[in-house]
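The numbering of the sequence shown is the working numbering, which starts it at 15 and goes up by one.
Structure first, then comments.
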Amino acid sequence: MKLYSAGQIVEKLNGVTTRQILDLAEKGLIKPARETTGQGSPRLYDFQNIFEICICLALRAKFPRSGKTLSNIYLILSIIRKEMEIVQKSETEKEFDRHFGKGIRPTMGVDFYEPYLFPPSFDLLRIAYDDDDITVLPISFSRQSESLELILSKSKKNKPKHFCTYILEVSELWQYLMGHFVEIRVINKHLETPNVEY
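Structure (structure tokens):
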């Protein structure tokens, strides 16, 4: 799994600063894939870290400044992480079943399966919040008849004072980051499918 320094991430993502990334790590919102071990050894971040960094920055820009901002962001990250764990487990089991079902036997575990991240199963998170409360609703287009434009328009109507809604486009963000950080390569010609390096 490829790791990036904060400086390398900033080079690929416009509008993101090294200070922002370090601040998220220092506040405990992001756990770097590799922590610093001393002077000259920077924190390093994997693809999931980068995905979560972008989510944190998007949310922090939307939430009003308050003592609840960090806890609200952490709540949303927890929902996304839990969903990713569920999808990861399910897809990993399917991959093993698919290969063993064809009679393919790995000579070494690393040749057969390399860590692969799967995005959450939902496309959007609808986040509604006011001075006292926050609710988070995952939305999947495969199970949702309404378009994004309709969902957005409904979010803006008939809301009480200090009530806000925000649509976080999770799948769009994932695909955007894939285009900037993911390299596809075949590491074992017997697998019949390419592996993705994050």
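Don't be surprised by glycine CBs; every beta carbon is placed ideally from N, CA and C.
These figures come from a predicted structure and were not determined experimentally.
Residues bridged to C178 (per DSSP): Y143
Inter-stretch contact (C-beta, 8 Å, three-pair minimum) for the segment 64-74 and the segment 28-42: The segment 64-74 vs the segment 28-42: in contact.
Beta carbon of D144 nearer than 9 Å to that of C178: Between D144 and C178, the CB-CB gap stays under 9 Å.
T83 - partner residues in DSSP beta bridges: Per DSSP, none; premise fails for T83.
Straight-line Cα distance separating Y18 from V196: 12 Å
Local Cβ density within 10 Å of I90, reported as buried at 16 or more and exposed below that: buried
CA-to-CA distance, P134 to V184, given in whole angstroms: CA-to-CA, the gap between V184 and P134 works out to about 8 Å.
Proximal residues to S80 (C-beta, below 6 Å), its chain only, five neighbours per side dropped: Cβ neighbours of S80 beyond the five flanking positions: none.
6 Å Cβ shell around M98 - same chain, five flanking residues per side excluded: P134
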